[in-house]
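Converting from the sequence shown to the working numbering requires adding 3 to each position, the first position being numbered 1. Just so it is clear, CB atoms sit at the ideal spot from N, CA and C, and this is done for glycine as well.
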Amino acid sequence: LYYALRPVELIDVTDKHPCVVLCTSKECGYMGVLYLETGSTEFPVMCPLCKQRSCQKVWECRDPECRERFLMRGSGPDFRCPACGSLSVGTAEELDSEPGVE
4 LYYALRPVEL
14 IDVTDKHPCV
24 VLCTSKECGY
34 MGVLYLETGS
44 TEFPVMCPLC
54 KQRSCQKVWE
64 CRDPECRERF
74 LMRGSGPDFR
84 CPACGSLSVG
94 TAEELDSEPG
104 VE
């Protein structure tokens, strides 16, 4: 129980990075930050709430007028924001109060 409830500053995040994820399970819908192994993470990852391998990385448009949050559809080097079409996208770095995840 202590392990699950310990303060964040006591969590060892060496060789880990924060990643905003969304559980795609219709019954769950968890959204939060997980600390994942640097360089070796394959998605989907295990959801801490429903324990299914259904958490996907949340992406964010870097256009200051858009800032849409979304799940990547497809793959390849041509990642575009589904809302504005911008190529300036990256992983979501922190959680806001109400992100617009598509």
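Beta-carbon proximity list for residue i, same chain, < 8 Å, skipping 5 on both sides
i, result
"S106", "Any answer about residue 106 is impossible in this case: the structure gives the chain only from 4 up to 105."
"L25", "G32, Y33, M34, C58, Q59, V61, L74, V104"
"E71", "E63, C64, C84, P85, A86, C87, G103, E105"
"V92", "W62, E63, C64, R65, F82, R83, C84"
"T94", "C22, V23, K60, V61, W62, E63"
"R76", "P85"
"S89", "C64, R65, D66, C69, R83"
Sub-7 Å separation of residue i and residue j beta-carbons
i, j, result
"Q59", "P67", "no"
"D18", "T44", "no"
For residue j and residue i, the rounded distance between their alpha carbons
i, j, result
"C69", "C87", "7 Å"
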